[in-house]
Amino acid sequence: MEEIASIIFLLSLSFLFSGSEVAFFSLTPLHKRKLRSEKTGRLILRLISSPYRLLSTILFGNTAVNSYASSLFALLSARLFYRVGISEHFSYLFDIALFTAILLVVGEITPKLIAIRHSESFSRKASYFLYPLYVVLLPVSLPFSMLLDRLLKRGRAARERPILEEINFVLKRAREENGMPPYEYRVIKESLNILTAPVREYMVPRKEIKAIEENTPMEEAFDVFLRTRHSRFPVYKNSLDEIMGILDFPYLFRKVGAVDPEKPVREYMRPAFFVPETMRLIDLIRKFRKTSEKLAIVIDEYGGTSGIITLWDIEREITGELGEETEIENVLEIKKIGKNMYIVSGDMDIEQLGEILGIELGREGTVAGYIMDISGRVPEEGERIEAKEVIFEVLQKSGETIESVKVILR
């Protein structure tokens, strides 16, 4: 009877360890910011601040209890089978099959499914049990976590080293054999150093963030946009540690259309994109490309906001060009006025207009130039010109220059 009770107790521990393995590492930045103000939450944040050490503690504990439970189950089943006269070989096979099934259901599938759905509540309950083990098992977990950290870093470095070495080799050959100017060589080398640096070295720090409170009317937010010439703003609630979303003016002008100036910004914000401050710039660029985001909220190990970084910040460090200002100028050249209807500046780049509308137009020149090319003349105000999937209507002219155009998608 004692052995059965021990097995049930050990399976309960296995349930807890397996669920913790998923729950703690499924916590989102929003969960972490919420946990900062709670006593239990701070305990959880302390655990996940050293993820490799926490994982080592969980895996060590889970392996130990599963091994002990397996041994007790084997001992118990062997004794039972011996009494009924079943062979030792058969009892051994039966023991493996039955205990594997029990462990799979009780110690793996069930706790992990629960932990995925209730990661925050599971973490709260498990933290009181795990933290003493986290401290006691330090002599065991710390070496394993250090080894794991080193192996992962070495693996990543091994994958990237050949590429970096090849680039450096090509640069060196270009400088020595083809006479690459020293200035160009230095700029490219510095760019490579920038790309491998962590985000925190190039982010806009917390104290310099220009953010908008979620209840701010859109009219005031638009004034901030015009005054600062920034195209995207974090939207916060109470403090910068509670970033609720991003107010994306390029998205508003191109996709949303008419905006009620009296409504709060929270009704127009988009989901925020969070990254850890330890992420390298080259990895962040990949994330930007994959998600089509332009601004990231940089968070520290406890889920607090430590800064922001934009795609333009990275481009400026590498090339020195002010990409965001160019985007703002382009944003102000187009405005959505209704379903499939836009007003654009005659000076707007025709290729960019096509990209915004999702259709193929010309590749060079302005909207005004494109209209004159397809019509063979300078149209009059109010005149409509049909082209492919759109209709252009000239709204305003200055002499022979087309100032503004209405674009209607068919």
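Heads up, the sequence shown is in this note's numbering, so the first residue is 135 and it goes up one at a time.
Idealized CB from N, CA, C, for every residue including glycine.
Three-way DSSP call (helix, strand, coil) for residue i in this model
i, result
"Ala-430", "strand"
"Ser-532", "strand"
"Met-378", "strand"
"Pro-339", "strand"
"Pro-405", "coil"
"Glu-136", "helix"
"Arg-187", "helix"
"Thr-330", "coil"
"Arg-393", "Going by the sequence as given, residue 393 is Val instead of Arg. Here Val-393 sits in coil by DSSP."
"Ser-538", "strand"
"Arg-366", "strand"
"Phe-207", "helix"
"Lys-106", "No statement about residue 106 is possible, as the shown extent of the chain runs from 135 to 544 and does not include it."
"Leu-147", "helix"
"Pro-513", "coil"
"Thr-234", "helix"
"Ser-152", "helix"
"Met-280", "helix"
"Glu-544", "Looking at the sequence itself, residue 544 is Arg, so the reference to Glu does not match. It is coil, neither helix nor strand."
"Glu-411", "coil"
"Ile-142", "helix"
"Thr-162", "coil"
"Tyr-254", "For the sequence presented, residue 254 should be read as Glu rather than Tyr. Glu-254: helix per DSSP, three-state reduction."
"Gly-195", "helix"
"Tyr-436", "coil"
"Thr-444", "strand"
"Glu-527", "strand"
"Lys-424", "helix"
"Glu-172", "coil"
"Glu-348", "coil"
"Lys-246", "helix"
"Lys-259", "helix"
Integer-rounded CB distance, given that residue j should sit under 8 angstroms from residue i
i, j, result
"Leu-144", "Ala-260", "Not a contact, Cβ separation roughly 16 angstroms."
"Thr-330", "Asp-375", "Incorrect: roughly 29 angstroms between the Cβ atoms, too far for contact."
"Ala-157", "Ser-257", "5 angstroms"
"Lys-166", "Gly-437", "2 angstroms"
"Leu-418", "Val-333", "6 angstroms"
"Ile-505", "Val-539", "7 angstroms"
"Tyr-265", "Leu-169", "No, Tyr-265 and Leu-169 are not in contact; Cβ-Cβ is about 14 angstroms, not under 8 angstroms."
"Tyr-336", "Asp-447", "6 angstroms"
"Ala-198", "Asp-229", "Incorrect: roughly 19 angstroms between the Cβ atoms, too far for contact."
"Arg-340", "Gly-441", "6 angstroms"
"Glu-242", "Ser-152", "6 angstroms"
"Tyr-402", "Val-409", "That pair is no contact at about 23 angstroms."
Whether residue i touches residue j by CB criterion (8 angstroms)
i, j, result
"Leu-501", "Val-478", "Reading off the sequence, residue 501 comes out as Val, not Leu. Contact: yes."
"Ala-345", "Phe-367", "yes"
"Phe-407", "Leu-381", "no"
"Tyr-262", "Thr-191", "no"
"Ile-250", "Ser-365", "no"
"Val-369", "Val-338", "no"
"Ser-545", "Val-240", "As displayed, the chain neither begins before 135 nor continues past 544, which places residue 545 out of reach and without an answer."
"Glu-488", "Glu-494", "Looking at the sequence itself, residue 488 is Gly, so the reference to Glu does not match. For Gly-488 and Glu-494, yes; Cβs fall inside 8 angstroms."
"Val-512", "Glu-527", "no"
"Asn-474", "Ile-542", "yes"
"Pro-395", "Gly-379", "no"
"Ile-468", "Phe-387", "yes"
"Glu-515", "Gln-530", "yes"
"Glu-537", "Gly-499", "no"
"Tyr-186", "Ser-279", "yes"
"Phe-215", "Ser-225", "yes"
"Ile-328", "Glu-451", "yes"
"Leu-210", "Glu-136", "no"
"Ile-377", "Ile-431", "yes"
"Phe-194", "Leu-272", "no"
Chain B contact for residue i (CB, 8 angstroms cutoff)
i, result
"Lys-428", "The displayed structure is made up of one protein chain only, and chain B is not part of it."
At least three beta-carbon pairs within less than 8 angstroms, the segment 341-358 to the segment 410-424 = no
Complete alpha helix (DSSP H) runs within the segment 481-510 (minimum length 4 residues, chain order) | 484-491, 501-509
Cβ contact check for the segment 201-209 and the segment 168-183: 3 or more pairs under 8 angstroms = Contact fails: fewer than three Cβ-Cβ distances are below 8 angstroms.
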